[in-house]
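Single-structure report; data block below.
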Ligand SMILES: [Zn+2]
């Protein structure tokens, strides 16, 4: 109480003295300048090589220069403190090295922070403490004009993210640290409560205290090293939200084991194509170019470029010349067959001189033994497949496909019956003659060819097209009937 009375006394004395203070050199007490904010400076120094400038009209505070900011206290002392409540926007030049303690602590109207350096520069700013971070009051942080929101990538030029860097960036949903980032400072992502997913490189070895505290939304942590390597990362306390999330690890070092190829773009005689396959261990895809084939493909021929399987040729053929026609005179076909005829499993090589430029496997539906004919021998093998005495893995993909010779999707007794029928008919075909000669002279051969369709996929497409025309006609007739009936008057009951 005594103190308060003393203070009032001093104030009264000073005020009463003021009108009489005509003495030269007498400094008026600071007290008088408090109510005179209109005359307060709007710019000045705030550190070595740092200046501030406040625009009262727009509410913008600019911090310009290339140095360290002075520290202030919880009681104030910031050179812009007279405007603390009026600062709406803070603009920080890229050259700033540090932000002093309590710098923007009382700037409760602050909404937007614009920093004009890049993410790497921002990560290297020293904040004196949480109380020095403008996001303690602001809502939006813009780095180089871009709002820190959604997904961000910390570039590989950053090795350390300093303390508090992304404090309270609530709109961040995912952060990916590039390979090269080694440590995350204290509270570096504190209260980023929109953060869901984090990708951590193998280079990271230190996650500072409370780096991800109050990040309640984290569900996915992808660590690019192994589980063992994750065990060597030092995670300081206050990071339970991070550790509670599902952490996925990279598979151990391995040689990739790829699944089947998927053709993305089929090649043509002169244009390349592309195909891709995926590692069954790490899931990484490898995409490669398929060379231009070097041949024109006749109608009815199907090439599966995933396995380089050619189907659609007639049984008993010994050459691909009329089916796959080379576009260059120097290209020739060579074959690996069991009886000089192209059967299921036969290999065909397109060669440019001595160089192999394409390798294909032949598929003749119904021919499972590889002799190019479908007959009773095939019926025996297909019967074994139908009764599970042989498996797809045992016979190989091409033979397995050839076994379903009626193309109904199952290998069963119907296929066996069809092959037995074909075998009977084949006894009437002179197998010493070439396919060309047989086609001209043997009705039994033509009948035999018709038993097993070698171009089922093309027929399915054709059927589809025919069906759609049929559907169209049906719907058109329906429409006409409906129209006719609408003109017929309803009779009285
Ligand atoms: Zn792999």
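Residue numbers (our numbering): 1 to 493. Glycine included, C-beta positions come from ideal geometry on N, C-alpha and C.
Q. Quick one: does the C-beta of residue 284 sit closer than 7 Å to a heavy atom of ligand 1?
A. At least one heavy atom of ligand 1 is nearer than 7 Å to the Cβ of residue 284, so yes.
Q: Take residue 145 as the anchor and find which of 395, 154, 119 and 138 has the nearest alpha-carbon.
A: Residue 119 is the option with its Cα nearest to residue 145.
Q: Determine, using beta carbons only, whether residue 67 comes closer than 8 Å to chain E.
A: The structure shown contains no chain E, having only a single protein chain.
Q: Please report how far the alpha carbon of residue 449 lies from the alpha carbon of residue 417, in whole angstroms.
A: So the two alpha carbons sit approximately 16 Å from each other.
Q: State yes or no: is the C-beta of residue 281 nearer than 7 Å to some heavy atom of ligand 1?
A: Residue side-chain check: residue 281 places its Cβ nearer than 7 Å to a non-hydrogen atom of ligand 1.
Q: Compute the Euclidean distance between the alpha carbons of residue 288 and residue 220, then round it to the nearest angstrom.
A: Each residue's alpha carbon lies about 32 Å from the other.
(Q) Give me the residue from 222, 232 and 238 with the minimum Cα distance to residue 212. (A) The shortest Cα separation from residue 212 among 222, 232 and 238 belongs to 238.
**Q.** Per-residue burial, residue 387 [other beta carbons within 10 Å of its own, 16 or more giving buried]
**A.** Answer is exposed; the Cβ neighbour count stays below 16.
Q | Bounding residues of the alpha helix (DSSP H) (the contiguous stretch that carries residue 244) | A | Start and end: 240–244.
Q | Host beta strand (DSSP E) of residue 286 (start-end) | A | In the DSSP assignment, residue 286 falls within the unbroken beta strand (DSSP E) covering 285–290.
Q: For the alpha helix (DSSP H) containing residue 333, list its first residue and its last residue.
A: Segment 331–336 is the beta strand (DSSP E) holding residue 333; no alpha helix (DSSP H) there.
Q.
Check whether the region 84–102 and the region 130–138 are in contact - that is, three or more C-beta pairs closer than 8 Å.
A. The answer is yes - the region 130–138 touches the region 84–102, with three or more Cβ pairs under 8 Å.
Q.
Could you tell me the alpha carbon to alpha carbon distance between residue 67 and residue 48, rounded to whole angstroms?
A. So the two alpha carbons sit approximately 6 Å from each other.
Q: Return yes when the C-beta of residue 192 is under 7 Å from any heavy atom of ligand 1, and no when it is not.
A: No, the beta carbon of residue 192 sits no closer than 7 Å to any heavy atom of ligand 1.
Q. Just how far apart, CA to CA, sit residue 307 and residue 406?
A. So the alpha carbons of these two residues sit roughly 22 Å apart.
Q: Please check the pair residue 292 and residue 323, which I expect to be a contact at CB under 8 Å, by giving their CB distance rounded to whole angstroms.
A: So it is not a contact: roughly 18 Å between Cβ atoms.
Q) Is residue 256 near ligand 1, judged by its Cβ being under 7 Å from some heavy atom? A) Result yes, Cβ under 7 Å from ligand 1.
Q: Measure the C-alpha to C-alpha separation of residue 254 and residue 225 and round it to an integer number of angstroms.
A: Distance between the alpha carbons of residue 254 and residue 225 is about 13 Å.
Q. Just curious, the beta strand (DSSP E) that residue 265 is in, first and last residue?
A. Per DSSP, residue 265 belongs to the beta strand (DSSP E) from 262–265.
Q.
As a quick exercise: from 372, 457, 394 and 393, pick the residue whose alpha carbon is nearest that of residue 423.
A. Per the Cα distances, 372.
(Q) Across the region 171–180 and the region 191–210, are there enough close Cβ pairs to call them in contact, namely three or more that are closer than 8 Å? (A) The region 171–180 makes contact with the region 191–210: 3 or more CB pairs, one atom from each, lie closer than 8 Å.
**Q.** Classification of residue 165 by the beta-carbon crowding that lies within 10 angstroms, buried from 16 upward
**A.** It is buried - the Cβ of residue 165 has at least 16 other Cβ atoms within 10 Å.
Q | One or two residues paired with residue 197 in a DSSP bridge | A | DSSP lists 174 and 220 as partners of residue 197.
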